[in-house]
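Trainee:
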Amino acid sequence: MKKLQHIRLREGSKADQFLSGQLTSKYFSYQEIFAMLMPLIFDQFFISVIALLTTAMISSSSQESVSAVSLVSPLYMMIYAVYSAISSAGTVIIAQYKEHGDEEKMKKAAGQIVMFTFATAVVELSCRCLL
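So the sequence shown is residues 130 to 260, counted in the working numbering.
(1) Between the alpha carbons of Met130 and Asp145, how many angstroms are there, rounded?
(2) Alpha carbon to alpha carbon, how far is Tyr205 from Ala180?
(3) Return the first residue and the last residue of the alpha helix (DSSP H) that Lys227 is part of.
(4) Is Tyr159 buried or exposed, if buried means 16 or more other CB atoms sit within 10 Å of its CB?
(5) Leaving out five residues before and five after Val201 in sequence, what residues of the same chain have Cβ atoms less than 6 Å from its Cβ?
(6) Might you give, ordered along the chain, the residues of its own chain that have their beta carbon closer than 6 Å to the beta carbon of Leu133, omitting 5 neighbours on each side?
(7) To the nearest angstrom, how far is it from the Cα of Tyr226 to the Cα of Glu193?
(8) Using the beta-carbon count (16 or more within 10 Å), is Ala238 buried or exposed?
(9) Can you look up Leu138 in the DSSP assignment and give me helix, strand or coil?
(10) Just the C-alpha distance for Ala210 and Cys256, rounded to the nearest angstrom, thanks.
(11) Hey, which unbroken runs of the beta strand (DSSP E) at 3 residues or more fall wholly within the region 234-259?
(12) Please classify Lys236 as buried or exposed, where buried requires at least 16 other C-beta atoms within 10 Å of its C-beta.
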């Protein structure tokens with residue numbers, strides 16, 4: 130995270146003052162927040178590009194194929210959002226236990242997250258049979 134801190138606005142500029150006032154806290158500066166956000170932004174960008182390329186590749190087949198891909202894309206995005214939420218929540222829970230030095234609860238939480246992810250995958254796969 131320290132590597133990206135050299136990306137700074139001119140100190141004292143209006144933009145620097147605004148971002149410092151709105152986003153900087155006692156835990157993170159706005160530069161650190163942007164450094165954490167960049168991988169997420171790239172991730173969402175590439176997901177959008179993949180959806181666009183999938184539609185472009187299928188477009189030469191037929192109108193029904195394009196409709197099918199367009200119908201499935203929101204479902205894929207919803208499933209991706211569920212797994213992203215599980216991983217984000219798990220990261221926060223484990224980080225809190227690690228901060229308090231409670232290794233036993235940390236291991237238990239990690240196991241529960243893995244089992245919850247597995248259960249979610251089983252439910253997802255069983256629902257696909259119904260579609």
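The beta carbon of each residue, even a glycine, is placed where N, CA and C say it ideally should be. From a predicted model like this one, the values you see are computed outputs, not experimental measurements.
Mentor: In short:
(1) For the purposes of this step, residue 130 is taken as residue 1 along the sequence shown, with counting starting at 1. For the purposes of this step, residue 145 is taken as residue 16 along the sequence shown, with counting starting at 1. The pLDDT assigned to Met130 is 45, lower than 50, so where the model puts this residue is not dependable, and the model offers no usable value.
(2) Working through the sequence shown from its first residue, we reach residue 205 at position 76. Working through the sequence shown from its first residue, we reach residue 180 at position 51. When rounded, the distance between both Cα atoms is 10 Å.
(3) By 1-based counting over the sequence shown, the position of residue 227 is 98. Where Lys227 is concerned, the enclosing alpha helix (DSSP H) stretches over 192-229.
(4) As a working mapping, residue 159 is identified with position 30 in the sequence shown. That one is buried.
(5) For the purposes of this step, residue 201 is taken as the residue at position 72 of the sequence shown. Annotation for Val201: no residue places its beta carbon closer than 6 Å to its own, counting only its chain and skipping 5 residues before and after.
(6) What you label residue 133 is simply residue 4 of the sequence shown in a count that begins at 1. Note that Leu133 scores a pLDDT of 48, beneath 50, so its modelled location is shaky; the value from the coordinates is reported in the next line. Only Ala164 meet the Cβ criterion.
(7) Along the sequence shown, read from residue 1 onward, the residue named residue 226 stands at position 97. Along the sequence shown, read from residue 1 onward, the residue named residue 193 stands at position 64. The alpha-carbon atoms of Tyr226 and Glu193 are separated by roughly 50 Å.
(8) Position 109 of the sequence shown, counting from 1, holds the residue named residue 238. By the neighbour-count rule (16 or more Cβ atoms within 10 Å), Ala238 is buried.
(9) For the purposes of this step, residue 138 is taken as the residue at position 9 of the sequence shown. Coil at Leu138, not helix or strand.
(10) Locating residue 210 in the sequence shown gives position 81, where the first residue counts as 1. Locating residue 256 in the sequence shown gives position 127, where the first residue counts as 1. Cα-Cα distance, rounded: 17 Å.
(11) Taking only runs of at least 3 residues, no beta strand (DSSP E) segment lies wholly in the region 234-259.
(12) As a first step, residue 236 is located in the sequence shown; it is residue number 107 there, counting from the start. The residue is exposed, with fewer than 16 neighbouring Cβ atoms inside 10 Å.
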